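**Student:** Read in order, the letters of the sequence shown are residues 1 to 187 in UniProt numbering.
The beta-carbon is built from N, C-alpha and C at its ideal position, and this holds for glycine as well.
Computed from a predicted model, the values in this text were never measured in an experiment.
Next up is a structure, given as structure tokens.
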Amino acid sequence: MDDYDFHGEAPSHRGSCLIGTLKNAALRVAGPALPVGPCILLPLCLRCATEERRFLATSAHLAPFYESHPVRARQIAAIVAAAPEGEPLVLAGDLNMREKENHVGTRHGLLDAWVEGGSPVSERWSWNTHMNPYYIEGRKYTARYDRVLYRGCRVLSFALVGNQPCSADKTHYLSDHFGLYVRLQLT
1 MDDYDFHGEA PSHRGSCLIG TLKNAALRVA GPALPVGPCI LLPLCLRCAT EERRFLATSA
61 HLAPFYESHP VRARQIAAIV AAAPEGEPLV LAGDLNMREK ENHVGTRHGL LDAWVEGGSP
121 VSERWSWNTH MNPYYIEGRK YTARYDRVLY RGCRVLSFAL VGNQPCSADK THYLSDHFGL
181 YVRLQLT
């Protein structure tokens, strides 16, 4: 944790959302973190050769459960409304979205990194209780709860991480969710 600076937190239904930056990275914080519902919105500048590019990054944990889809739509609308129009935005986290909600980001001008990254079948499910017994309650199923929605960028690569056991014990996963590793380029 000593390698990171943390820039605030926002409460969610399961603890808090935090956002951090790697110390000595090509990023610098360009203003205060802004809590927006269960999300932290952080203005950043990326130093590239002779220029700096500003964008907004988020860490979000949206409302859970199927019946909360209207709440998630309002949460995404509030996050997008809090971001200056036209500024690149990266909304990432456990968005708890179901397949029938795929249009919600698009409605607000956001693209889905998994879709734009070619929709790789092997990287689709960030929740998979068939292979990951971390969450042992309930039925076995797969879902794409975790997302990276964005504007003003393009996807360079998309991959799941943490989708393998982390020890010799084949039931030992880091989390009930697999992580997303997405490389984006500002446009």
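Can you give me the start and stop residues for the beta strand (DSSP E) that A10 sits inside?
**Tutor:** As a first step, residue 10 must be located in the sequence shown, where it is residue number 10. Bounds of the beta strand (DSSP E) holding A10 are 4 to 12.
**Student:** Give the range of the alpha helix (DSSP H) segment to which Q75 is assigned.
**Tutor:** Within the sequence shown, residue 75 is the residue found at index 75, counting from 1. Counting along the chain, the unbroken alpha helix (DSSP H) around Q75 starts and ends at 69 to 82.
**Student:** Does the contact criterion of 3 or more C-beta pairs under 8 Å hold for the region 74 to 84 versus the region 123 to 131?
**Tutor:** no
**Student:** So is L22 buried or exposed if we call it buried at 16+ other beta carbons inside 10 Å?
**Tutor:** Taking the sequence shown and counting its residues from 1, the one referred to as residue 22 is at position 22. Counting Cβ neighbours within 10 Å, L22 comes out exposed, since fewer than 16 surround it.
**Student:** For G15, which of P38, R28, D3, R154 has the nearest alpha-carbon?
**Tutor:** Counted from its first residue, the sequence shown places residue 15 at position 15. Distances from the CA of G15 to each of P38, R28, D3, R154 were compared; the closest alpha carbon is that of P38.
**Student:** Give the DSSP-derived three-state secondary structure of A60 in the structure shown.
**Tutor:** As a first step, residue 60 is located in the sequence shown; it is residue number 60 there, counting from the start. DSSP places A60 within a strand segment (E or B) once states are collapsed to three.
**Student:** What's the gap between the Cα of L149 and the Cα of L186?
**Tutor:** On the sequence shown, residue 149 is found 149 positions in, with the first residue counted as 1. On the sequence shown, residue 186 is found 186 positions in, with the first residue counted as 1. So the alpha carbons of these two residues sit roughly 14 Å apart.
**Student:** How many angstroms separate the CA atom of P165 from the CA atom of S175?
**Tutor:** Taking the sequence shown and counting its residues from 1, one reaches residue 165 at position 165. Taking the sequence shown and counting its residues from 1, one reaches residue 175 at position 175. About 10 Å.
**Student:** Figure out for me which residue from I19, L27, R74, M1 has the closest Cα to the Cα of F55.
**Tutor:** Taking the sequence shown and counting its residues from 1, one reaches residue 55 at position 55. Minimum Cα distance to F55 is reached at L27.
**Student:** Going by CA-CA distance only, name the one from P88, R72, A57, N96 that's closest to F178.
**Tutor:** Numbered from 1 along the sequence shown, position 178 holds the residue referred to as residue 178. Of the listed residues, the one whose Cα sits closest to F178 is N96.
**Student:** Between the C-alpha atoms of Y145 and F158, what's the straight-line distance to the nearest angstrom?
**Tutor:** Position 145 of the sequence shown holds residue 145. Position 158 of the sequence shown holds residue 158. Going by the C-alpha atoms only, they are around 15 Å apart.
**Student:** Taking the alpha-carbon positions, what's the R98 to P35 distance?
**Tutor:** As a first step, residue 98 must be located in the sequence shown, where it is residue number 98. As a first step, residue 35 must be located in the sequence shown, where it is residue number 35. Their Cα atoms are separated by approximately 24 Å.
**Student:** By DSSP's criteria, E52 is part of a beta bridge. Which residues make up the other side?
**Tutor:** Your numbering for residue 52 matches position 52 in the sequence shown. Partner(s): R47.
**Student:** Mind reading off the beta-carbon distance from L160 to L180? Whole number of angstroms is fine, and I expect it under 8 Å.
**Tutor:** Translated into positions along the sequence shown, residue 160 becomes position 160. Translated into positions along the sequence shown, residue 180 becomes position 180. The distance from the Cβ of L160 to that of L180 is about 7 Å, consistent with a contact at the 8 Å cut-off.
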